[in-house]
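**Student:** Structure incoming, see below.
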Amino acid sequence: MTDKLDLTALLGSRICHDLISPIGAIGNGVELLMMDGSARGPELALIVDSVANANARIRFFRVAFGASGGSDQRIGLPEVKATISDLTRGGRIAISWTSGVDLSRREVKLAFLCIQCLESALPQGGRITVEKGESRWTLRAEAARLKIDQDLWEVLSNPSAHPDIGPAQIHFAILRDELARQHRRLTTELAEGDIKMSF
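What follows is the structure, given as structure tokens:
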């Protein structure tokens with residue numbers, strides 16, 4: 552299991568690494584077109600927005616699905632907040648992040664995977680809050696209407712649960728396995744308009 556998880560994380564890192572350069576190059580090319588005035592209009596605005604969104608997703612996925620390095624690898628709060636801000640700009644989900652400035656990359660990986668699970672329950676949008684206390688992380692999703700697939704959420708607490716998981720739900724399985732690798736215990740509370748996760 553450990554070898555498989557390592558290969559999965561390394562594959563995630565490789566894909567993100569290989570994609571970030573061409574996406575950045577497209578962004579640079581668009582900036583040059585804007586500077587010399589040779590391109591304008593809604594078409595260019597669509598390209599700019601799409602490149603920014605792709606860049607934010609790659610940065611988010613690199614942390615969530617990529618190799619997190621050793622237990623002492625760190626990630627700064629400004630980088631985390633910039634990634635979250637770029638990811639949610641113009642979207643239906645708002646994310647509020649409260650933590651110290653120096654963070655364990657492995658813990659942020661868990662938090663990002665939790666965010667993806669919470670997003671799965673917010674098809675019509677909502678609010679996610681992330682708070683890091685002295686010893687535990689707490690994430691909460693709030694919305695007027697949640698969509699909760701009980702079988703998927705059971706994966707996080709029941710090792711014997713094996714629901715059908717497709718590409719759109721893979722973060723549930725990865726979060727479960729990453730929690731086990733880090734020897735962390737997740738508690739989840741599902742309510743009508745609120746989901747709380749803590750580890």
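Taking our numbering, I'd label the letters of the sequence shown as residues 552 to 750.
Even glycine gets a Cβ: it sits at the ideal position worked out from N, Cα and C.
(1) Quick check on DSSP: helix, strand or coil for valine 706?
(2) Name, in chain order, the residues that DSSP records as bridge partners for lysine 747.
(3) Measure the Cβ-Cβ separation of isoleucine 746 and alanine 672 and say whether it is below 7 angstroms.
(4) Quick check on DSSP: helix, strand or coil for valine 652?
(5) Within 10 Å of its beta-carbon, does histidine 722 have 16 or more other beta-carbons around it, so buried, or fewer, so exposed?
(6) If contact is defined by three or more beta carbon pairs under 8 angstroms, each pair taking one atom from either stretch, is the region 708-721 in contact with the region 685-696?
(7) Does glycine 578 come out as helix, strand or coil in the three-state DSSP assignment?
(8) Quick test of your reading: proline 714 and leucine 703, contact by CB under 8 angstroms. State the CB separation rounded to the nearest angstrom.
(9) Taking contact to mean at least 3 C-beta pairs separated by less than 8 angstroms, is the region 605-625 in contact with the region 654-670?
(10) Measuring CB atoms only, is the region 627-647 touching the region 674-684, in the sense that at least three cross pairs come out at less than 8 angstroms?
(11) Under DSSP, the beta strand (DSSP E) around lysine 683 begins and ends at which residues?
(12) On a CA-only basis, which of Phe750, Leu690, Ala607 and Val652 is nearest glutamate 670? Give me that one, please.
(13) From the DSSP output, in three-state form, read off arginine 640 for me.
(14) With respect to the beta strand (DSSP E) encompassing arginine 735, which residues constitute its N-terminal and C-terminal limits?
(15) With arginine 625 as the anchor, note down where its alpha helix (DSSP H) starts and where it stops.
(16) At the level of alpha carbons, what is the spacing between alanine 712 and leucine 664?
(17) Leaving aside the five residues before and after glutamate 705 along the sequence, list all residues of the same chain whose C-beta is less than 6 angstroms from its C-beta, in chain order.
**Tutor:** Let me spell this out:
(1) Coil.
(2) In DSSP, lysine 747 forms a bridge with Arg691 and Glu740.
(3) Their beta carbons are under 7 angstroms apart, which means isoleucine 746 touches alanine 672 by this criterion.
(4) In this structure, valine 652 counts as coil in the three-state DSSP scheme.
(5) Answer is buried; the Cβ neighbour count reaches 16.
(6) In short, these stretches do not touch, since the Cβ pair count stays below three.
(7) In this structure, glycine 578 counts as helix in the three-state DSSP scheme.
(8) Correct: roughly 6 angstroms between the Cβ atoms.
(9) The region 654-670 and the region 605-625 touch, with three or more beta-carbon pairs separated by less than 8 angstroms.
(10) Segment contact: the region 627-647 against the region 674-684, three or more CB-CB distances shorter than 8 angstroms; contact assigned.
(11) Where lysine 683 is concerned, the enclosing beta strand (DSSP E) starts and stops at 677-683.
(12) Restricting attention to Phe750, Leu690, Ala607 and Val652, the CA atom closest to the CA of glutamate 670 is found in Leu690.
(13) Arginine 640 falls in the coil class under three-state DSSP.
(14) Careful: arginine 735 lies outside any beta strand (DSSP E) and carries neither H nor E.
(15) Segment 625-627 is the beta strand (DSSP E) holding arginine 625; no alpha helix (DSSP H) there.
(16) If I take the Cα positions, the gap works out to 19 angstroms.
(17) Counting only residues of its own chain and dropping the five nearest sequence neighbours on each side, glutamate 705 has a CB closer than 6 angstroms to the CB of Ala712.
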